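K.L.:
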Amino acid sequence: MQMIMFTMLLSNGSVKNRSNHLRLQSLLWYSLGFLRMSNHAVQAFGLNVPGYNALKHPTVSSLRMSAVGVTNTDDLKPGIAAIDMMNPEFQKTLEELRHFPYFRLYSCDMLGSCEYMPQELFECYSQSCEIYPVDEDEVPIDIMTVDSEEHDFELDGWARWDMPTEDYYDTDQFPEEYTAYDGSMVWSFIHEKICFKDGSNDLEEWKADFNKAVSGLHSMISAQVVKGMETKIAEGDEEAAELDVNAEFSRRLSMNGETPKALENLYFGYMLMLTAVSKARERILSDIELDKIHSEEAALLQKIVSSKLLDDASVSVASAKLHDHAVKDECSVTALWEARMRTRELMRIMNCVQCNKCRLHGKISVLGLSTALQVLLGRTGEGGDPNRIHRVELAAMLTTLSKFSNAVSYCTNFRS
Numbered sequence: 006m007q008m009i010m011f012t013m014l015l016s017n018g019s020v021k022n023r024s025n026h027l028r029l030q031s032l033l034w035y036s037l038g039f040l041r042m043s044n045h046a047v048q049a050f051g052l053n054v055p056g057y058n059a060l061k062h063p064t065v066s067s068l069r070m071s072a073v074g075v076t077n078t079d080d081l082k083p084g085i086a087a088i089d090m091m092n093p094e095f096q097k098t099l100e101e102l103r104h105f106p107y108f109r110l111y112s113c114d115m116l117g118s119c120e121y122m123p124q125e126l127f128e129c130y131s132q133s134c135e136i137y138p139v140d141e142d143e144v145p146i147d148i149m150t151v152d153s154e155e156h157d158f159e160l161d162g163w164a165r166w167d168m169p170t171e172d173y174y175d176t177d178q179f180p181e182e183y184t185a186y187d188g189s190m191v192w193s194f195i196h197e198k199i200c201f202k203d204g205s206n207d208l209e210e211w212k213a214d215f216n217k218a219v220s221g222l223h224s225m226i227s228a229q230v231v232k233g234m235e236t237k238i239a240e241g242d243e244e245a246a247e248l249d250v251n252a253e254f255s256r257r258l259s260m261n262g263e264t265p266k267a268l269e270n271l272y273f274g275y276m277l278m279l280t281a282v283s284k285a286r287e288r289i290l291s292d293i294e295l296d297k298i299h300s301e302e303a304a305l306l307q308k309i310v311s312s313k314l315l316d317d318a319s320v321s322v323a324s325a326k327l328h329d330h331a332v333k334d335e336c337s338v339t340a341l342w343e344a345r346m347r348t349r350e351l352m353r354i355m356n357c358v359q360c361n362k363c364r365l366h367g368k369i370s371v372l373g374l375s376t377a378l379q380v381l382l383g384r385t386g387e388g389g390d391p392n393r394i395h396r397v398e399l400a401a402m403l404t405t406l407s408k409f410s411n412a413v414s415y416c417t418n419f420r421s
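Per this note's numbering, the sequence shown starts with residue 6, numbered consecutively.
#1: If you reduce the DSSP assignment to three classes, tell me which class L110 lands in.
#2: When the Cα of M355 is compared with those of E398, S321, G241, S189, which residue comes out closest?
#3: For K237, which residues of its own chain have a beta-carbon under 6 angstroms away from its beta-carbon, when the five flanking residues on both sides are left out?
#4: Within 10 Å of its beta-carbon, does N77 have 16 or more other beta-carbons around it, so buried, or fewer, so exposed?
#5: Using only the alpha-carbon positions, how far apart do C113 and P169 sit?
#6: Take V144 and list the residues in its own chain whose beta-carbon comes closer than 7 angstroms to its own, dropping the five residues that flank it on each side.
#7: Can the beta-carbon of S220 be found closer than 8 angstroms to that of T264?
#8: In three-state DSSP terms, what is D140?
#9: Mapping the DSSP letters down to three states, classify Y415 as helix, strand or coil.
#10: Give the DSSP-derived three-state secondary structure of Y174 in the structure shown.
#11: Leaving out the 5 sequence neighbours to the left and right, which residues in its chain are closer than 6 angstroms to G262 when beta-carbon positions are compared?
#12: What did DSSP end up calling H1 once you bin it into helix, strand or coil?
#13: Label H104 either buried or exposed according to how many other C-beta atoms from any shown protein chain fall within 10 Å of its C-beta, with 16 as the threshold for buried.
#14: Let me make sure I understand the geometry here. Which of G162, D89, Q124, Y107 has the alpha-carbon closest to that of T376?
#15: Can you tell me which of V397, C416, K212, V231 puts its alpha carbon nearest to the alpha carbon of C336?
#16: My parser needs the alpha helix (DSSP H) runs of 4 or more residues fully inside the stretch 183 to 254; what are they?
#17: Using only the alpha-carbon positions, how far apart do D214 and V332 sit?
Given below as structure tokens:
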């Protein structure tokens with residue numbers, strides 16, 4: 006009876022508020038339940054029944070199952086289930102995209118001084134920490150030209166980036182990995198100074214949403230770190246031999262760890278990134294049509310922007326909440342400048358990161374999240390114009406989307 010009532014409300018347009026519509030749609034999906042179950046979801050519930058094959062038993066829902074150990078927030082559970090179902094294939098395409106110059110070459114300032122805390126001069130003490138720019142002839146001329154032409158930025162905008170120089174760094178050559186660098190001081194500053202203090206992640210306002218997004222960014226990087234530890238151990242690295250991957254995952258990412266909502270916020274951040282890329286779809290397709298993006302990357306991008314994950318109603322719940330909180334009253338809209346200022350501060354605090362590889366990837370990730378918030382909110386909360394974002398912002402947004410996708414995949418596999 007409930008399902009029939011929900012369906013009638015959605016079909017006859019009785020639900021006027023966009024956010025409520027999405028939540029009701031999510032609740033409908035949640036109520037339908039018991040449709041299919043993934044093997045890792047069965048294991049999560051301890052249902053290791055001999056001979057059980059999820060593909061042969063599509064009448065059992067994975068909705069509640071896949072959210073176990075992730076969230077107690079009901080309206081996010083359907084989105085988490087959708088991500089867990091569609092992310093594996095989506096992740097492969099994103100990872101392939103990142104190998105092309107457009108998405109792996111970034112001009113970043115590795116010499117910027119820290120403006121927020123006193124620091125001793127620190128030299129990267131291991132090969133895993135240091136990075137070097139590529140030779141100038143390895144950077145496609147069209148990328149250098151566009152970046153130089155698009156150096157200008159909005160003073161009170163969401164995003165800020167380093168001014169382009171001849172020094173470009175290759176994320177293929179220097180990928181994310183465990184470097185043994187301790188970034189706890191920087192993260193403490195971010196959570197205590199840059200995030201909003203007059204609210205928690207439980208409040209129904211955009212400041213809490215902003216905090217959740219930043220926490221999700223932290224969780225994404227934590228997942229990269231733990232995965233890197235696991236890789237180092239597998240490679241026989243002597244310095245990593247003493248690391249306890251299970252303990253590190255539990256401390257950083259479990260509901261019983263230092264941040265109980267780490268995984269929930271990881272998914273929340275990923276949902277925001279997915280919706281932002283969805284809203285930038287026409288801009289991406291236009292760049293492809295105008296040959297601003299080469300054919301091989303274009304084919305992958307078309308596959309990405311046509312993914313059902315980008316338009317899934319349950320995934321867009323996160324951005325709908327952010328939107329509704331941002332525009333709920335004039336005071337909320339007026340105060341959005343505080344969030345724009347904080348995203349710019351996030352980029353500047355990256356100059357306090359004393360591991361250059363960590364600094365490079367931190368700057369790319371912060372720029373990607375800032376660009377997503379620019380697309381989703383703009384200046385008034387109603388969203389920004391994707392046609393106004395620059396090449397480096399678009400590249401960082403897609404790269405950061407891939408980073409979130411990888412983090413979710415790793416955490417899902419680890420938990421199962």
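We treat Cβ as the ideally placed atom computed from N, Cα and C, and that holds for glycine.
Computed from a prediction, not measured in an experiment: that's the story for all the values here.
P.N.:
This is what the structure holds:
#1: L110 falls in the strand class under three-state DSSP.
#2: Answer by Cα proximity: S189.
#3: These residues qualify, in order along the chain: Y183, A245.
#4: By the neighbour-count criterion, in which 16 or more other beta carbons inside 10 Å mark a residue as buried, N77 falls on the exposed side.
#5: If you take the alpha carbons of C113 and P169, they lie about 7 angstroms apart.
#6: Contacts found: L110, Y173.
#7: Yes, the pair counts as a contact, with Cβ atoms nearer than the cut-off.
#8: In this structure, D140 counts as coil in the three-state DSSP scheme.
#9: Note: Y415 maps to helix in three-state DSSP.
#10: Strand at Y174.
#11: Hits under 6 angstroms: S255, R256.
#12: There is no way to answer for residue 1, as the model of the chain reaches only from 6 to 421.
#13: Burial check for H104: the Cβ neighbour count within 10 Å stays below 16, so the residue is exposed.
#14: The shortest C-alpha to C-alpha distance from T376 to any of G162, D89, Q124, Y107 is the one to G162.
#15: The alpha carbon of C336 has as its nearest neighbour, out of V397, C416, K212, V231, the alpha carbon of K212.
#16: DSSP runs (the alpha helix (DSSP H)) wholly in the stretch 183 to 254: 189 to 194, 211 to 239.
#17: Going from the Cα of D214 to the Cα of V332 covers about 13 angstroms.
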